[in-house]
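Beneath this line is the structure, given in structure tokens, with notes to follow.
Numbering (mature numbering (1 follows the signal peptide of the UniProt record, and there is no 0)), first residue to last: -27 to -1, 1 to 238.
Structure (structure tokens):
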């Protein structure tokens, strides 16, 4: 083999190595999500917790419940996108996109194809044995974006018509408890995110949206709450209040209080 040919082959090999090295340098390390105990399978679909997966990629999530429609706002790369929550049929919509979800113990679960559809500048793969996710950014900076979702648009809260004078009908007596930070931001049985600063409560049977006057029989303090969740299920407990409602009844330190419940109509 002549020196010229050897030199050409060496140059080609060096060039191929450099190209490979450049390609490898441009690839970012995959983001691994392996909280496999949170995965849920239903039929042919595998569901993953929305907040847990997206926040691991750097996408932030907040809920907006004081507009005409309940929304999830997803933020990535300085851009805000919205998903509109429809609790009646357990779907999320964004533009012409519709995704079915499941509410599992207050955690909003989305199918695998949701993450494949909306995560931009990244590829999503799964471990066939465990279901763990590997989200690999295509850029060296490791940033992941969002796609196929409409931009967030703030909507004014509708003005409620003037309410007639309230009348209260006795409904139930028993013990009240309260819940707060541990579940703040989780999704309630109604599909509405729990906000411990709102005057809401959980009841075993009353329809969602029912307004209930709760009176602390130990001190006479009262508060009107809106039913958004199910529970409590311990014997003797009739209502589980948000932290804000419990504060108005002065029962934070005791944790439990004897109460009367009245339906407000």
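We put the beta carbon where it would ideally sit given N, CA and C, even for glycine. Bear in mind the structure is a predicted one, so any value in this text is a computation, not a measurement.
Within its chain, find whatever has a CB closer than 6 Å to the CB of residue 233; leave out the 5 residues flanking it on each side and keep chain order. 146, 188
Grouping DSSP H, G and I as helix and E and B as strand, with all else coil, what is residue 114? coil
Starting from residue 171 and walking both ways along the beta strand (DSSP E), at which residues does that stretch end? Premise fails: residue 171 is in no beta strand (DSSP E) and is neither H nor E.
Taking 8 Å as the cut-off, does the stretch 144 to 161 touch the stretch 192 to 199 (at least 3 CB pairs, one atom from each stretch)? No, they do not touch.
Have a look at residue 9 and residue 83 and give me their C-alpha separation to the nearest angstrom. 14 Å
Would you check whether the ligand NAD has a heavy atom nearer than 8 Å to the C-beta of residue 17? In the structure on display, the ligand NAD does not appear, and there are no ligands present to speak of.
Can you name, in chain order, every residue of its own chain whose Cβ lies under 6 Å from the Cβ of residue 7, other than the five neighbours on each side? 105
Are residue 174 and residue 226 close, meaning C-beta to C-beta below 9 Å? no
Whose C-alpha, out of 59, 81, 42, is nearest the C-alpha of residue 26? 81
Beta-carbon within less than 7 Å of residue 91's beta-carbon, same chain only, minus the 5 sequence neighbours each way: which residues are those? These residues qualify, in order along the chain: 119, 120, 121, 122.
Do you know how far the Cα of residue 69 is from the Cα of residue 124? 13 Å
Assigned exposure category for residue 5 - 16 Cβ within 10 Å defines buried: That one is exposed.
In terms of alpha-carbon separation, which member of 31, 157, 67, 99 lies closest to residue 242? The shown model of the chain, from -27 to 238, leaves out residue 242, and the question about it has no answer.
Considering only C-alpha positions, which residue in the set 221, 176, 144, 185 is nearest to residue 207? 176
If residue 63 and residue 15 are in contact, beta carbons under 8 Å, what's the gap, nearest whole angstrom? With 8 Å as the limit, residue 63 and residue 15 do not qualify as a contact, their Cβ atoms being about 11 Å apart.
Would you tell me roughly how many angstroms separate the C-alpha atoms of residue -7 and residue 113, rounded to the nearest one? Any reading at residue -7 is ruled out, since the residue's pLDDT is 36, under 50, leaving its predicted position unreliable.
Since residue 87 and residue 72 are thought to touch, with beta carbons under 8 Å apart, how far apart are those beta carbons, to the nearest angstrom? 5 Å
Specify the secondary structure class of residue 199 as computed by DSSP and reduced to three states. strand
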